[in-house]
Amino acid sequence: MADEIELIYKGVNYKFPLVHGTENETAIDIKTLRAQTGLITLDPGFKNTGSCQSEITFLDGEEGILRYRGYSIEDLANQYSFIEVAHLLIYGDLPTTEQLDKFENDIRDYALVDEDFKIILKSFPKSAHPMGILSSLTSALIAFNPSSVDINSEKDFYEAIIMLLAKFPVLASWTHRKMKGLPLNYPSYELSYTENLAHMMFRMPNKDFKASKTVVSVLNKLLILHADHEQNCSTSTVRMVGSSHAGLFASIASGISALWGPLHGGANQAVIEMLEEIRIDGGDTQKFMAKAKDKNDPFRLMGFGHRVYKNFDPRAKIIKKAADEVLSELGIDDPVLDIAKRLEQEALQDPYFVDRKLYPNVDFYSGIIYRALGIPTEMFTVMFAIGRLPGWIAQWKEMRFNKEPIGRPRQVYTGATHRSP
Ligand code: SDX
Numbered sequence: 005m006a007d008e009i010e011l012i013y014k015g016v017n018y019k020f021p022l023v024h025g026t027e028n029e030t031a032i033d034i035k036t037l038r039a040q041t042g043l044i045t046l047d048p049g050f051k052n053t054g055s056c057q058s059e060i061t062f063l064d065g066e067e068g069i070l071r072y073r074g075y076s077i078e079d080l081a082n083q084y085s086f087i088e089v090a091h092l093l094i095y096g097d098l099p100t101t102e103q104l105d106k107f108e109n110d111i112r113d114y115a116l117v118d119e120d121f122k123i124i125l126k127s128f129p130k131s132a133h134p135m136g137i138l139s140s141l142t143s144a145l146i147a148f149n150p151s152s153v154d155i156n157s158e159k160d161f162y163e164a165i166i167m168l169l170a171k172f173p174v175l176a177s178w179t180h181r182k183m184k185g186l187p188l189n190y191p192s193y194e195l196s197y198t199e200n201l202a203h204m205m206f207r208m209p210n211k212d213f214k215a216s217k218t219v220v221s222v223l224n225k226l227l228i229l230h231a232d233h234e235q236n237c238s239t240s241t242v243r244m245v246g247s248s249h250a251g252l253f254a255s256i257a258s259g260i261s262a263l264w265g266p267l268h269g270g271a272n273q274a275v276i277e278m279l280e281e282i283r284i285d286g287g288d289t290q291k292f293m294a295k296a297k298d299k300n301d302p303f304r305l306m307g308f309g310h311r312v313y314k315n316f317d318p319r320a321k322i323i324k325k326a327a328d329e330v331l332s333e334l335g336i337d338d339p340v341l342d343i344a345k346r347l348e349q350e351a352l353q354d355p356y357f358v359d360r361k362l363y364p365n366v367d368f369y370s371g372i373i374y375r376a377l378g379i380p381t382e383m384f385t386v387m388f389a390i391g392r393l394p395g396w397i398a399q400w401k402e403m404r405f406n407k408e409p410i411g412r413p414r415q416v417y418t419g420a421t422h423r424s425p
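So the mapping is simple: my numbering equals the position in the sequence shown, first residue as 1, plus 4.
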């Protein structure tokens, strides 16, 4: 494989090394570009620009492949627990039985949050969007755990990771309960991570509650499918904020805000709102397809398209199958599922979508499952964040352990040249 590339500029030949990944991805190492040539690159949205070398997640957008630390998403989603996958992402390997027991018990030990979080929660109006509340509560974790993460102390860093994994679902479920005016539930030591999430989200004080196997199994699968996705917008934000040596909690809080956007994690909420709009409008999917293709119409087919996947998002395939299974097991006939399937079929045969390689992504079907579980639409992106947390932690840890420099992109200035007042 060639190990360098040549650039000719103003008659001078410059050479730059090539970097090869383990999956044969190749990059031009342009660390010395400006020093050698005075040139910089320009790449809005970083569509052609790698920000780092990473060992955590591999995507092949053309083949529709997703692997965490080399394991296929299909194997992980169908055979493992979310906490096992979190351990894999953060520490590089699936846990042994002993490691898993310790990891799970440490998380149980840290799962209570300071009661004063209820005072913070109380200050938010019921109308507040839960992503804004969750980002604020995650930032507040710093105040209650002031010792910022000393990544050189293995014990300190392990505790910070466990604290986040343990408290995040509590803060997320409390956010949901607050919005609905419902009493807050505490995690139970007897339950698994995902059982506890269901317990805290859905248990009512006036009757016994036990989450069904169907609910726990599909929640576990959804959390795994959302756990990491290489250098997406929110993960890049977590890395960028962490590169200034801001703390882990502050970096994660920034990732929550980035995920909130409707072009990113907020798309799962936008998909259901779109499907509902189509249903209320009479179900004419062709009308909305035409809107999505009309350059003068800002309407986009939410849940379709992806920066990397130019084939099926492998997660969408798994979620679509799970949606069918869950709705039939729960005996739910949701008209928006039929609309979603019709939209998918029509888009996959429409030249506009085919030419642009726009396929359903992770967000297209996930909201249908969350809705079937009784999770309100505004909470869908919070569910995405709970899943993505171990990925954010793993990526932040890799960035800091690799001693990566503070992120500070260049620009091409196009404003006014010097002028006198
Ligand atoms: C996630 O990066 C990740 O890994 C993200 C994620 C993760 O796990 O972290 O996978 C999660 O964010 C999934 C994506 C969720 N977002 C949506 O579903 C929102 C709808 N999709 C789009 O807005 C769009 O497809 C993006 C934002 C996902 C990707 O946008 P790109 O790569 O910047 O592509 P683009 O906007 O330049 O679009 C290319 C063309 C354009 O048309 P032309 O100018 O070539 O004529 O495709 C069109 C776009 O107008 N297009 C769409 C479309 N998506 C792209 N047209 C209609 N409907 C759409 N959904």
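Note that CB positions come from ideal geometry on N, CA and C, so glycine has one too.
- Message: I'd like to know whether the C-beta atoms of F368 and L227 end up nearer to each other than 7 Å.
- Response: Within the sequence shown, numbered from 1, the residue matching residue 368 stands at position 364. Within the sequence shown, numbered from 1, the residue matching residue 227 stands at position 223. Contact flag unset, no.
- Item | Residue range of the unbroken beta strand (DSSP E) whose run includes I284 | Translated into positions along the sequence shown, residue 284 becomes position 280. Note, I284: premise wrong, no beta strand (DSSP E); alpha helix (DSSP H) at A271 to I284.
- Segments assigned alpha helix (DSSP H), at least 4 residues, entirely inside the region 244-274: 252-264
- Query: In angstroms, rounded to a whole number, what distance separates the CA positions of S332 and V416?
  - Reply: Counted from its first residue, the sequence shown places residue 332 at position 328. Counted from its first residue, the sequence shown places residue 416 at position 412. Going by the C-alpha atoms only, they are around 55 Å apart.
- Which word fits I410, buried or exposed, when buried means at least 16 other C-beta atoms lie within 10 angstroms of its C-beta? Residue 410 sits at position 406 when you count from the first residue of the sequence shown. Its Cβ having fewer than 16 others within 10 Å, I410 is exposed.
- Message: Would M205 and H230 be called neighbours here (beta carbons separated by less than 7 Å)?
- Response: Stepping through the sequence shown from its first residue, residue 205 is reached at position 201. Stepping through the sequence shown from its first residue, residue 230 is reached at position 226. For M205 and H230, no; Cβs fall outside 7 Å.
- Message: I need the boundaries of the beta strand (DSSP E) containing R71, first residue and last residue.
- Response: Along the sequence shown, read from residue 1 onward, the residue named residue 71 stands at position 67. Residues I69 to Y72.
- Local Cβ density within 10 Å of L141, reported as buried at 16 or more and exposed below that: As a first step, residue 141 must be located in the sequence shown, where it is residue number 137. L141 is buried by the Cβ-count criterion.
- Query: For the putative contact between T385 and M135, defined by C-beta atoms under 8 Å, what is the C-beta separation to the nearest angstrom?
  - Reply: Position 381 of the sequence shown holds residue 385. Position 131 of the sequence shown holds residue 135. Rounded, the Cβ-Cβ distance is 5 Å, consistent with contact.
- Task: Tell me, please, whether the region 394-404 touches the region 242-249 by the rule of three or more beta-carbon pairs shorter than 8 Å.
- Result: yes
- So, using beta-carbon positions, are L92 and Y114 closer together than 7 Å? Along the sequence shown, read from residue 1 onward, the residue named residue 92 stands at position 88. Along the sequence shown, read from residue 1 onward, the residue named residue 114 stands at position 110. No.
- N236 versus Y313, L186, K214 and P191, residue with shortest Cα-Cα distance: Within the sequence shown, residue 236 is the residue found at index 232, counting from 1. Nearest C-alpha to N236: Y313.
- Message: For a test of the three-state rule: what should DSSP assign to K321, helix, strand or coil?
- Response: Taking the sequence shown and counting its residues from 1, the one referred to as residue 321 is at position 317. Here K321 sits in helix by DSSP.
- Query: Would the beta-carbon of D367 be found less than 6 Å away from any heavy atom of the ligand SDX?
  - Reply: For the purposes of this step, residue 367 is taken as residue 363 along the sequence shown, with counting starting at 1. The answer is yes for D367.
- heavy atom of the ligand SDX below 6 Å from A90 C-beta: Against the sequence shown, residue 90 aligns to sequence position 86. False, no ligand heavy atom lies under 6 Å from that Cβ.
- Contact between the region 304-311 and the region 279-296: three or more CB pairs below 8 Å? yes
- Please specify which runs of the alpha helix (DSSP H), each continuous and at least 4 residues long, are wholly inside the region 180-252, giving them in chain order. 197-206, 217-229 and 237-246
- Query: Would S127 be called buried (16 or more neighbouring beta carbons within 10 Å of its own) or exposed?
  - Reply: By 1-based counting over the sequence shown, the position of residue 127 is 123. Exposed.
- Task: Return yes when at least one heavy atom of the ligand SDX lies under 6 Å from the C-beta of A271, else no.
- Result: Residue mapping note: residue 271 aligns to position 267 of the sequence shown, counting from 1. True, at least one ligand heavy atom lies under 6 Å from that Cβ.
- C-alpha distance - E199 paired with A215, whole-angstrom precision: Sequence index remark: in the sequence shown, residue 199 carries index 195 (1-based). Sequence index remark: in the sequence shown, residue 215 carries index 211 (1-based). Near 7 Å, if we compare the C-alpha coordinates of A215 and E199.
- Short Cβ contact (7 Å threshold) for K217 with A326: To locate residue 217, count along the sequence shown from 1; it is residue 213. To locate residue 326, count along the sequence shown from 1; it is residue 322. Not closer than 7 Å, so no.
- Residue from S131, S58 and F161 with nearest C-alpha to D232: In the sequence shown, counting from the first residue as 1, residue 232 sits at position 228. Among S131, S58 and F161, the Cα nearest to that of D232 is on S58.
- Have a look at V330 and V117 and give me their C-alpha separation to the nearest angstrom. As a working note, residue 330 is residue 326 in the sequence shown. As a working note, residue 117 is residue 113 in the sequence shown. If you take the alpha carbons of V330 and V117, they lie about 32 Å apart.
- Message: Looking only at its chain, what residues have a beta carbon closer than 7 Å to the beta carbon of P209, apart from the 5 residues adjacent to it on each side?
- Response: Taking the sequence shown and counting its residues from 1, the one referred to as residue 209 is at position 205. Cβ within range, chain order: P187.
- Query: Is it buried or exposed for I12, if we count other Cβ within 10 angstroms and need 16 for buried?
  - Reply: Position 8 of the sequence shown, counted from the first residue, corresponds to residue 12. Exposed, because fewer than 16 other Cβ atoms sit within 10 Å of the Cβ of I12.
- Can you give me the Cβ contacts of E348 inside the same chain, cut-off strictly under 6 Å, excluding the 5 residues immediately before and after it? Here the question's residue 348 lines up with position 344 in the sequence shown. Correct list, in chain order: P364.
- Do W396 and G265 have their C-beta atoms closer together than 7 Å? To locate residue 396, count along the sequence shown from 1; it is residue 392. To locate residue 265, count along the sequence shown from 1; it is residue 261. No, the Cβ-Cβ distance between W396 and G265 is not below 7 Å.
- Item | For R360, the nearest candidate out of G309, R283, A271 and S196 (CA to CA) | Stepping through the sequence shown from its first residue, residue 360 is reached at position 356. That would be G309, whose Cα lies nearest to the Cα of R360.
- Classification of T61 by the beta-carbon crowding that lies within 10 angstroms, buried from 16 upward: Numbered from its first residue, the sequence shown carries residue 61 at position 57. That one is buried.
- Exposed or buried, which one is T239 when buried takes at least 16 other CB atoms within 10 Å? Here residue 239 refers to the residue found at position 235 of the sequence shown. The residue in question, T239, is buried, as its Cβ has 16 or more Cβ neighbours within 10 Å.
- Outcome for D97 when other beta-carbon atoms lying within 10 angstroms are tallied against a minimum of 16: Translated into the one-based positions of the sequence shown, residue 97 becomes position 93. With fewer than 16 Cβ atoms within 10 Å of its Cβ, D97 is classed as exposed.
- Query: Which runs of the alpha helix (DSSP H), 4 residues or longer, sit entirely within the region 315-401?
  - Reply: 318-333, 339-352, 355-359 and 366-376
- Looking at C-alpha atoms only, which residue of G286, S131, R311 and D285 is the closest neighbour of K51? Taking the first residue of the sequence shown as position 1, residue 51 is located at position 47. For the residues G286, S131, R311 and D285, the minimum Cα distance to K51 belongs to R311.
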